[in-house]
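Engineer: Counting along the sequence shown from 1, when you hit position 286 you're at 310 in this note's numbering, and nothing is skipped either side. Sending over a structure as structure tokens; questions will come in a sec.
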Amino acid sequence: MNLLKKLESEIEESYQNATTIDKIFLIYTRLCEQFQYDSRWDWSRNENNKEVQNEVFNQEIDITNAEKIKAVCSGFAKAYCDLSNTLLIFDENYDISLTEGSLSHVYASTVLKDGTTIKIDPFMTTTSISDSLNVKKEILPGGIEVHNSPDYNDDYLKEKALHNINYPCNNLYIKFLHLVKEELLRNEECTPEKMNELFQFFKETSNFNNLGLKEVHELFFLTTKETTNRMPHDLNVKKMVLYDSKNQETKYLYQVPKDSENVEYYIAEEKDKNIIWNQIEEPIDEYINQYDNQNSKKYFLTKQSK
Numbered sequence: 025m026n027l028l029k030k031l032e033s034e035i036e037e038s039y040q041n042a043t044t045i046d047k048i049f050l051i052y053t054r055l056c057e058q059f060q061y062d063s064r065w066d067w068s069r070n071e072n073n074k075e076v077q078n079e080v081f082n083q084e085i086d087i088t089n090a091e092k093i094k095a096v097c098s099g100f101a102k103a104y105c106d107l108s109n110t111l112l113i114f115d116e117n118y119d120i121s122l123t124e125g126s127l128s129h130v131y132a133s134t135v136l137k138d139g140t141t142i143k144i145d146p147f148m149t150t151t152s153i154s155d156s157l158n159v160k161k162e163i164l165p166g167g168i169e170v171h172n173s174p175d176y177n178d179d180y181l182k183e184k185a186l187h188n189i190n191y192p193c194n195n196l197y198i199k200f201l202h203l204v205k206e207e208l209l210r211n212e213e214c215t216p217e218k219m220n221e222l223f224q225f226f227k228e229t230s231n232f233n234n235l236g237l238k239e240v241h242e243l244f245f246l247t248t249k250e251t252t253n254r255m256p257h258d259l260n261v262k263k264m265v266l267y268d269s270k271n272q273e274t275k276y277l278y279q280v281p282k283d284s285e286n287v288e289y290y291i292a293e294e295k296d297k298n299i300i301w302n303q304i305e306e307p308i309d310e311y312i313n314q315y316d317n318q319n320s321k322k323y324f325l326t327k328q329s330k
């Protein structure tokens with residue numbers, strides 16, 4: 025997909041008379057829809073692999089060929105700046121979009137001529153859920169903020185911009201998870217067996233369309249938090265990022281309680297743009313030894329299921 029051309033056409037057809045802030049929100053949400061976090065970054069940081077870390081951090085996004093965008097914060101920020109500086113250059117109130125930050129984290133800022141600034145950071149949200157997931161699930165985005173508006177309340181401008189681009193702000197997915205909570209727990213404690221039931225429900229019924237592994241894990245985190253009011257690791261759920269250096273691909277290995285005595289292991293991986301789940305039956309340490317995860321291994325392994 026030529027994301028630049030698509031947005032150019034959408035603005036011309038539907039938002040030609042919209043405010044600059046409205047167009048910025050449109051660009052941001054459309055980029056979040058296409059973007060997938062490159063989970064190699066998590067593995068390379070954990071294993072201190074500078075080669076992979078530098079490759080991922082320096083990866084460029086081609087906004088004219090965005091069929092599948094895999095990058096991290098730096099790539100997203102640069103792609104956003106490329107789009108906004110190209111599409112908004114003739115807007116009367118638009119000044120410039122720039123990347124900010126350092127090697128540890130990069131974000132973008134847009135400056136308008138009236139002094140308004142818009143901070144663009146899809147990974148530093150108040151809920152710890154990135155907007156690369158929130159936007160795909162039509163949850164209120166938390167990574168775009170308006171500051172220093174001379175005429176209006178900043179929060180009002182954000183709410184108004186989302187309304188003007190027809191962004192659904194009803195948080196239907198969160199409401200759905202509350203229904204799951206009522207059905208699954210019925211105000212009971214989340215036992216290991218119930219956690220296993222929730223995990224099975226999640227992987228068998230969730231819509232993973234257009235999600236990468238990082239977004240899938242965030243969706244699991246969100247599902248667990250909203251249905252149990254606890255974090256996955258508090259319920260004895262662990263995750264390890266495995267890296268296949270031959271294919272330059274990651275997999276997520278989950279340890280999930282089966283009951284109070286035993287655990288089960290599942291692999292999530294991407295195949296043909298889909299998320300595939302498989303249970304690991306062989307000894308888990310032998311499976312992990314196929315990958316270069318020695319720094320993580322000692323923190324992950326516990327008693328295996330019988």
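Just so it is clear, CB atoms sit at the ideal spot from N, CA and C, and this is done for glycine as well.
Can you say whether arginine 210 is buried or exposed, counting buried as having 16 or more other CB atoms within 10 angstroms of its CB?
Structural biologist: Exposed, because fewer than 16 other Cβ atoms sit within 10 Å of the Cβ of arginine 210.
Engineer: In this structure, does DSSP put alanine 90 in helix, strand or coil?
Structural biologist: Correct three-state label for alanine 90: coil.
Engineer: Mapping the DSSP letters down to three states, classify threonine 123 as helix, strand or coil.
Structural biologist: Strand at threonine 123.
Engineer: The alpha helix (DSSP H) spanning lysine 182 covers which residue range?
Structural biologist: Counting along the chain, the alpha helix (DSSP H) containing lysine 182 begins and ends at 178–188.
Engineer: Could you name the residues of the same chain whose beta carbon sits closer than 7 Å to that of cysteine 193, not counting the 5 residues immediately before and after it, in chain order?
Structural biologist: Correct list, in chain order: Leu164 and Leu186.
Engineer: Tell me, please, whether the region 272–281 touches the region 211–221 by the rule of three or more beta-carbon pairs shorter than 8 Å.
Structural biologist: Short answer: they touch.
Engineer: Does aspartate 106 come out as helix, strand or coil in the three-state DSSP assignment?
Structural biologist: In this structure, aspartate 106 counts as helix in the three-state DSSP scheme.
Engineer: Buried or exposed: where does histidine 241 fall if 16 or more other Cβ atoms within 10 Å of its Cβ makes it buried?
Structural biologist: When all chains shown are included, histidine 241 counts as buried.
Engineer: The alpha helix (DSSP H) with aspartate 46 in it runs from where to where?
Structural biologist: Start and end: 44–58.
Engineer: Asparagine 172: which of Trp67, Ser154, Leu136 and Lys184 sits nearest, CA to CA?
Structural biologist: Answer by Cα proximity: Leu136.
Engineer: Please classify glutamate 294: does DSSP put it in a helix, a strand, or coil?
Structural biologist: Glutamate 294 falls in the strand class under three-state DSSP.
Engineer: So within the region 224–292, which uninterrupted beta strand (DSSP E) runs reach at least 3 residues, ignoring any that extend past its ends?
Structural biologist: The region 224–292 contains these whole beta strand (DSSP E) runs: 262–268 and 273–281.
Engineer: Could you check if serine 158 is buried or exposed, using at least 16 other CB atoms within 10 Å of its CB as the buried criterion?
Structural biologist: Note on residue identity: the sequence assigns asparagine, not serine, to residue 158. When all chains shown are included, asparagine 158 counts as buried.
Engineer: For a test of your reading of the model: does the CB of phenylalanine 245 fall under 8 Å from any non-hydrogen atom of the ligand ATP? Yes or no.
Structural biologist: In the structure shown, the ligand ATP is absent, as is every other ligand, since no ligand is present at all.
Engineer: Over the uninterrupted alpha helix (DSSP H) stretch that includes isoleucine 312, give me the two end residues.
Structural biologist: Unbroken alpha helix (DSSP H) run through isoleucine 312: 308–312.
Engineer: What residue does the alpha helix (DSSP H) around tyrosine 191 start on, and which one ends it?
Structural biologist: Segment: none, tyrosine 191 is in no alpha helix (DSSP H) and carries neither H nor E.
Engineer: Taking Cβ to Cβ, would you say aspartate 178 is nearer than 9 Å to glutamate 169?
Structural biologist: Yes, the pair counts as a contact, with Cβ atoms nearer than the cut-off.
Engineer: With DSSP run on the structure shown, which of helix, strand or coil describes valine 159?
Structural biologist: If DSSP states are grouped into helix, strand and coil, valine 159 belongs with coil.
Engineer: Should arginine 64 be labelled buried (16 or more other beta-carbon atoms within 10 Å of its own) or exposed?
Structural biologist: Looking at its Cβ environment, which holds 16 or more other Cβ atoms inside 10 Å, arginine 64 is buried.
Engineer: Leucine 277 and isoleucine 291 - do their beta-carbons sit closer together than 9 Å?
Structural biologist: Yes, these two residues count as a Cβ contact at 9 Å.
Engineer: In terms of residues, what are the limits of the beta strand (DSSP E) holding isoleucine 170?
Structural biologist: Reading off the sequence shown, one finds valine at residue 170, where the question assumed isoleucine. From DSSP, the beta strand (DSSP E) with valine 170 extends over 168–171.
Engineer: Output the distance between the C-alpha atoms of glutamate 162 and asparagine 313, rounded to the nearest integer angstrom.
Structural biologist: Cα-Cα distance, rounded: 39 Å.
Engineer: Is asparagine 70 closer than 9 Å to valine 265 when the C-beta atoms are compared?
Structural biologist: In contact: valine 265 and asparagine 70 (Cβ atoms closer than 9 Å).
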